[in-house]
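First residue of the sequence shown? That's 2 in this note's numbering, and the numbers climb one at a time after it.
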Amino acid sequence: MPYHPTTTPPAAILFSVDDTLVDDYNAVSQGVRVLMERLGHPSFSAARVLWDVQGILSTSAYRAGRIPLAEKRRQLVRALATQAGHSHISDQHCDELYQRYLDAHRAAWRTFDDVAPTLTQLAQRNIRLGVITNGDQNRQHDKLSTLNLAHHFGAVVCAEAAGTSKPDPRIFLLACQQLGVAPHQTWYVGDQMYEDAIGALNAGLYPVLCDRHRLLPATEITTIHTLTELSALTTGTRSPGASLL
2 MPYHPTTTPP
12 AAILFSVDDT
22 LVDDYNAVSQ
32 GVRVLMERLG
42 HPSFSAARVL
52 WDVQGILSTS
62 AYRAGRIPLA
72 EKRRQLVRAL
82 ATQAGHSHIS
92 DQHCDELYQR
102 YLDAHRAAWR
112 TFDDVAPTLT
122 QLAQRNIRLG
132 VITNGDQNRQ
142 HDKLSTLNLA
152 HHFGAVVCAE
162 AAGTSKPDPR
172 IFLLACQQLG
182 VAPHQTWYVG
192 DQMYEDAIGA
202 LNAGLYPVLC
212 DRHRLLPATE
222 ITTIHTLTEL
232 SALTTGTRSP
242 GASLL
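Structure, rendered in structure tokens:
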């Protein structure tokens, strides 16, 4: 399977949600700041790094079935509380704090400015659209509805309902099946190299990395920095063979 799209335009484009369509980094930061205030935590940079690292560890354990969702969330709060100097915190207090995080996170939901016009343009070209997300199913549906994105998508595939998560090829194939398209006719746009791009490639889709903050290393996989560039790719006015630097 080649790294670069050869079908212009594609029959369908699938997207990751967080940090591709929605600025989740900022939303998480707002949630962490609320917890910092409650816990008397002095350093945002330290808190944010810890939240991300603990999130990877706890999410991995949750997806492997080793801990329930409630414990995953408590581990995040306890890690931050310990860093702030609180060595003992009850489950109830963890749950209350995590709810404050969720409320602040939700209040900060925003799409990137290029999302709505790009999705509209793609739909006008009769390109079928969908999303694949590893995020919490109820929350991701709420997010898409709240941000007026849900109506754009013919398929919304969540890991929880699919019984598997990215980068497993099965979740990509399920999304293609729901849209009624073949994998080789489909592009997948996401912000993560392994979870999104490699997962899509292994499923037979054409991956497009959306590196909005220019943080990813150079790669042979087609890389864009805005969704406006995606529109140019679908019309052939931008070559897919190189990352924009």
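Where a beta carbon is used, it is the ideal one built from N, C-alpha and C, also for glycine.
Check	Outcome
Using the rule of at least 16 other Cβ atoms within 10 Å of the residue's Cβ for burial, across every protein chain shown, is H152 buried or exposed?	exposed
I need the straight-line Cα distance from L246 to A219, nearest angstrom please.	Residue placement at L246 is flagged as unreliable, the pLDDT there being 32, under the threshold of 50; a coordinate-derived value is accordingly withheld.
Give me the residue from P11, A12, R64 and Q84 with the minimum Cα distance to V33.	Q84
Is DSSP giving L22 helix, strand or coil here?	coil
In the DSSP assignment, find the unbroken beta strand (DSSP E) run with R67 in it and report its ends.	Unbroken run through R67: none, as it is neither H nor E.
Quick check: V158 and A13, are their CB atoms within less than 7 Å of each other?	no
With 16 other CB atoms within 10 Å as the buried threshold, where does D92 fall?	exposed
For L216 and L36, what's the separation of their Cα atoms in angstroms?	27 Å
With a 10 Å radius around its C-beta and 16 neighbouring C-beta atoms as the bar for buried, classify S100 as buried or exposed.	First, the amino acid is wrong: residue 100 is Gln here, not Ser. Q100 is exposed by the Cβ-count criterion.
When burial is assigned at 16 or more other CB atoms within 10 Å of the CB, is P168 buried or exposed?	buried
So the alpha helix (DSSP H) L98 belongs to, where does it begin and stop?	D92 to A108
Pairing CB atoms from the segment 172–180 with CB atoms from the segment 136–156, are three or more of them under 8 Å?	yes
Which same chain residues, not among the five before or five after R111, have their C-beta less than 8 Å away from its C-beta?	V23, D24, N27, A28 and L148
DSSP puts A13 in a beta bridge; with which residues?	R129 and T187
Count the other CB atoms, across all protein chains shown, that sit within 10 Å of the CB of G200; report buried if there are 16 or more and exposed otherwise.	buried
So, for T229: in the same chain, excluding its five sequence neighbours on each side, which residues have a beta-carbon less than 6 Å away from its beta-carbon?	D115
Ignore the nearest five residues each way along the sequence and tell me which others in P3's own chain have a CB closer than 6 Å to its CB.	In this predicted model, P3 has a pLDDT of only 48, less than 50, meaning its place in the structure is not dependable; the value taken from the coordinates is given anyway. Hits under 6 Å: none found.
What separation, rounded to the nearest whole angstrom, lies between the Cα atoms of D132 and H142?	Correcting the residue type first, residue 132 is Val in the shown sequence and not Asp. Answer to the nearest angstrom: the Cα atoms are 11 Å apart.
Along the chain, where does the alpha helix (DSSP H) that runs through P170 open and close?	P170 to L180
If you follow the alpha helix (DSSP H) that L234 is in, where does it begin and where does it stop?	L228 to T236
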